[in-house]
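As numbered in the working numbering, residues 11 to 234 make up the sequence shown, in order.
Quick reminder that beta carbons are idealized off the backbone N, C-alpha and C, glycines included.
Predicted, not measured: the structure shown is a model, and the values here were computed from it.
What follows is a short report on a single structure.
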Amino acid sequence: MIAVITADLIDSTLYKEPVLEQVLNTLRDEFEKVSNTLGKENIRLTIYRGDSFQGIIKNPEYALHVVLQLKSAINRIHLKKTKKSRAYSKIVDFKVAIGIGTVEIEREAISESNGQAFQFSGRTLDEMKSENRKTKIKTEYEEINNEFNTSFFLLDTITDKWSTASAEVVYYLLLGLKEREVADVLQISQSAVNQRKKAAGWDAISVLLERYKEVILKKFIDGK
11 MIAVITADLI DSTLYKEPVL EQVLNTLRDE FEKVSNTLGK ENIRLTIYRG
61 DSFQGIIKNP EYALHVVLQL KSAINRIHLK KTKKSRAYSK IVDFKVAIGI
111 GTVEIEREAI SESNGQAFQF SGRTLDEMKS ENRKTKIKTE YEEINNEFNT
161 SFFLLDTITD KWSTASAEVV YYLLLGLKER EVADVLQISQ SAVNQRKKAA
211 GWDAISVLLE RYKEVILKKF IDGK
């Protein structure tokens, strides 16, 4: 079993060239980071069409963590000239579908690969184009789909309210940094980090990440 994530940037045709360039560069940097973390043999991510990306994750229990790392990385982007870490409205985001299932053909080009996980992910993203949703999952188990698509709807509500500063704090927390370490990186007080952490809904997000990992491990890995 693998996870396939398929994502489209939202309203990318409206992005100014410097914004799109920074988004694509950020995604490439994050692809490298998650590859180093999970192992190059366990994850492959690629940009296609210039405004979409797709990835294969052979440890499906980490798919949601990867999605949130990529999301927070681009949600924190702003082009304001400032010396301090400040909160601005987000200027970029994406819709993403996670498909978990089997793989039949895996080629060097991800777009040429196929199987259950690819079909789940691609078709779900297509369905989302007419929905007010940014994150969905599809597996062969309806109880898993129902649980997490309900949770992901709430997750979307939380992340839609992120400022760039909130997204930045979440990003570093997802990398495993503690509050004091995040404060040092951003050169702000620990209390400011804590405030942004609360504003971002981090406690609820961290619980969801643990629940997702627990369920996916039990159903697809331990339950084999």
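Between R206 and A175, the gap from beta carbon to beta carbon is short of 8 Å. Fully enclosed alpha helix (DSSP H) runs of no fewer than 4 residues occupy 126-138 of the stretch 112-139, in order along the chain. Cβ-Cβ distances below 7 Å link H75 to L184, L219 in the same chain, with the five nearest sequence neighbours on each side left out; the list follows chain order. Close CB contacts of Q79 within its chain, under the 8 Å cut and outside five residues either way in sequence, are with E40, K43, V44, Y181, L184, L185 (chain order). Every unbroken stretch of the alpha helix (DSSP H) spanning 4 or more residues and falling wholly within the stretch 66-95 is given here in chain order: 73-85. Rounded to whole angstroms, the gap between the alpha carbons of I226 and D170 is 25 Å. Between L55 and V33, the gap from beta carbon to beta carbon reaches 8 Å or more. The alpha-carbon of N155 is positioned some 25 Å away from that of E116. In the assembly as shown, Q64 is a buried residue. Its beta-carbon has 16 or more other beta-carbons within 10 Å. Taking a C-beta distance under 8 Å as the contact criterion, A127 and G109 qualify as a contact pair. Counted as a single uninterrupted DSSP element, the stretch harbouring A193 is not any beta strand (DSSP E) but the alpha helix (DSSP H) occupying residues 189-196. When DSSP states are grouped into helix, strand and coil, A210 belongs to the coil group. Cβ contact annotation for F158 (same chain, cutoff 6 Å, sequence separation greater than five): I147, in chain order.
If you draw a straight line from the Cα of I12 to the Cα of T112, it comes to about 6 Å. In the displayed model, T149 falls within coil according to three-state DSSP, outside both helix and strand. Under DSSP, Y58 forms a beta bridge with S62.
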